[in-house]
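Structure record follows, encoded as structure tokens.
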Amino acid sequence: MGAIDEIAYPPVDAISSIRYSPNGSTLLVSAWDKNIHIYTRSGETWQLSSKIPCERPILDLAWNADSANFYVVGLDRQVVSYNADEGESSRNVLSTHSRASNKVAYSAQHNIILSTSWDGTLHVHEPPKDGAAGRYVSVELPTKPFALSLTSDRAVVVMAERKVHVYDLQALSALVPQAGETADEQQSIAVEPLQQRESNLKFMARSLACMPSGEGFASSSIEGRVAVEWFDAVQNQNQYAFKCHREKTIVKTDSGEDRPLDIIYPVNAIAFHPDHGSFATGGGDGVVALWDAKSKRRIRQYPKLPASVLALEFSKDGKELAIGISPGFEDGKEKEDPDPELIKIFVRTMGPDEAKGKPAKK
16 MGAIDEIAYP PVDAISSIRY SPNGSTLLVS AWDKNIHIYT RSGETWQLSS KIPCERPILD
76 LAWNADSANF YVVGLDRQVV SYNADEGESS RNVLSTHSRA SNKVAYSAQH NIILSTSWDG
136 TLHVHEPPKD GAAGRYVSVE LPTKPFALSL TSDRAVVVMA ERKVHVYDLQ ALSALVPQAG
196 ETADEQQSIA VEPLQQRESN LKFMARSLAC MPSGEGFASS SIEGRVAVEW FDAVQNQNQY
256 AFKCHREKTI VKTDSGEDRP LDIIYPVNAI AFHPDHGSFA TGGGDGVVAL WDAKSKRRIR
316 QYPKLPASVL ALEFSKDGKE LAIGISPGFE DGKEKEDPDP ELIKIFVRTM GPDEAKGKPA
376 KK
């Protein structure tokens, strides 16, 4: 297995998102400390090059295709664009949700920015032009969204009440010039999704990632489960869900007898390897594991880290896996400030075949 290195000067509050730039030279990290942390590659190490302060905690980040701009959402309700070189001075508000915006994604194929919000909407934006915000449309969602991920032609939104919507990105893109506005307040429109599904996960979704092949997606829940699904109806006959990120322990009953107990941790993060089609999961148990989506087998499990894994991201060439850890709610200390000593960013160098899948069991 490859080496794992810790990045100096991590955030001082819980990490929410980690994103590699497409060219691999920059690593963005967002956190509840109200800062966007920008790390740049220096030889074989990463160095903190700058921080962009924000008014409220940041929940998610996304890069554009050429690594020139990135997009930010968080508790301030705004969808914001920044230029990577100009930093804070390039701040440009693309739209404002009525409640916190929790997820953002960029489609390189259609040159649009998508954001979801706890207000039950999906905003579809044009990128800013000449320093001015472009148009956007607000799409109604049936309930509160938890996760968002894109393929080259689809957007998947996982929501409360086990609802999953799959949208046609071409159709969403066409809405912007037809009905888009630049005002912060506008009526949301109803859009028929390509597919409406019920999630295989019975409990609240925590993370979602689409397969690099565009064939399907994997989602995870607070109940220590992952579901793998395909868009094609025939392929989706092979959909499945499995348990993971659980520990077995022994507890004493009131009568003094030993009783086995399963400790179930949330699966907070999922990331697909760009080449092998395998995916990594990160859990509240501090463990990162690699899985083969097609053979339904675990490839490997890495040594336990000192806090909950909250963010994962493979580099675009698949040679690195960035891992963000922070104390979660698993220790019963959710009312306390997180211990800064347990907030860390690791980068694992991946061996050539480290994420390669395993054949199915006979």
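Going left to right, the sequence shown walks through residues 16 to 377 as the working numbering numbers them.
A virtual CB, placed ideally from N, CA and C, is assigned to each residue, including glycine.
Asked                                                                                                                                                       : Found
If we count Cβ pairs, one from each stretch, closer than 8 Å, do we get three or more for the region 259-271 versus the region 232-248?                     : yes
Within 7 Å: the Cβ of residue 159 and any heavy atom of the ligand HEM?                                                                                     : The model on display carries no ligand, and the ligand HEM is accordingly not part of it.
Quickly, what does DSSP pair residue 127 with across the bridge? List them, please.                                                                         : 122
Alpha carbons only, please: which of 234, 371, 86 is nearest the one belonging to residue 314?                                                              : 371
Starting from the Cα of residue 63, find the closest Cα among 72, 41, 135 and give me that residue.                                                         : 41
If distances are taken between C-alpha atoms only, which option among 114, 333, 355, 292 comes closest to residue 39?                                       : 333
Nearest by alpha-carbon distance to residue 311: which of 323, 318, 293 is it?                                                                              : 293
Could you please give the first and the last residue of the uninterrupted beta strand (DSSP E) stretch that includes residue 302?                           : Careful: residue 302 lies outside any beta strand (DSSP E) and carries neither H nor E.
Based on the DSSP secondary-structure assignment, which residues constitute the bridge partners of residue 50?                                              : 68
Ends of the beta strand (DSSP E) at residue 336?                                                                                                            : 335-341
Determine the DSSP secondary structure at residue 198, reduced to helix, strand or coil.                                                                    : Confidence is the limiting factor: at residue 198 the pLDDT is only 48, short of 50, which leaves the residue's position unreliable, though a coordinate-based value still follows. If DSSP states are grouped into helix, strand and coil, residue 198 belongs with coil.
Should the region 262-282 be regarded as contacting the region 210-217, the criterion being three or more beta carbon pairs within less than 8 Å?           : no
Reducing DSSP to helix, strand and coil, say where residue 355 ends up.                                                                                     : helix
Using DSSP with H/G/I as helix, E/B as strand and the rest coil, what is residue 254?                                                                       : coil
My output table needs one value for residue 190: the three-state DSSP class, helix, strand or coil.                                                         : helix
How many whole angstroms separate the CB atoms of residue 130 and residue 225, which I take to be in contact at a CB cut-off of 8 Å?                        : The Cβ separation is near 17 Å, so there is no contact.
Looking only at its own chain, which residues have a Cβ that is under 8 Å from the Cβ of residue 320, when we skip the five neighbours before and after it? : 301, 302, 303, 338, 340, 359, 361
Any contact between the region 155-169 and the region 133-142? By contact I mean 3 or more CB pairs, one from each, below 8 Å.                              : yes
Can you confirm whether residue 20, when its beta carbon is compared against all beta carbons of chain C, has any partner nearer than 8 Å?                  : The structure shown has no chain C; it contains just one protein chain.
Please report the straight-line C-alpha distance between residue 116 and residue 156, rounded to a whole angstrom.                                          : 13 Å
Taking DSSP as the reference, what is the three-state secondary structure of residue 175?                                                                   : helix
Under DSSP, the beta strand (DSSP E) around residue 213 begins and ends at which residues?                                                                  : 210-213
With the cut-off set at 8 Å, would you say residue 326 and residue 82 are in Cβ contact?                                                                    : no
At what residues does the beta strand (DSSP E) containing residue 228 begin and finish?                                                                     : Run containing residue 228: none; DSSP gives neither H nor E here.
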